[in-house]
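Heads up: the sequence shown begins at 30 in our numbering, then just goes up one per residue.
Ideal placement from N, C-alpha and C gives every residue a C-beta, glycine not left out.
Working notes, structure below.
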Amino acid sequence: MEVWAYVCHRHRGWSLHRLRERVLRADARLNLSGRRMMLASSAVAAPFRRILWPRINALHWSGP
Numbered sequence: 030m031e032v033w034a035y036v037c038h039r040h041r042g043w044s045l046h047r048l049r050e051r052v053l054r055a056d057a058r059l060n061l062s063g064r065r066m067m068l069a070s071s072a073v074a075a076p077f078r079r080i081l082w083p084r085i086n087a088l089h090w091s092g093p
C-alpha cells in the first residue's frame with residue numbers, strides 16, 4: 030500500500046513495465062496475450078489488488 034500512496038503523492042503515471050517491477054514483485058505474473066491481460070498473484074498481493082483493480086476497471090480501453 031505504501032507504493033500506491035507514493036504514486037498518488039507524486040502524481041505520476043506508471044507504465045506496465047513499472048507496474049510489473051514495483052507492485053507485482055509480490056509473487057505475481059502479468060500475462061499479455063493478444064487482447065487479453067491476465068494477472069496471477071498470491072495472497073500477499075491481495076491488498077494491492079483491492080486498491081488497483083477498481084482503478085484498472087475505470088480506464089478507458091481502446092476499441093478493437
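Check: Straight-line CA distance for Ser71 to Ile80?; Outcome: 15 Å
Check: From what residue to what residue does the beta strand (DSSP E) around Ala69 run?; Outcome: 65 to 70
Check: Alpha carbon to alpha carbon, how far is Leu61 from His46?; Outcome: 12 Å
Check: May I have the straight-line CA-CA distance separating Arg65 from Leu59, to the nearest angstrom?; Outcome: 10 Å
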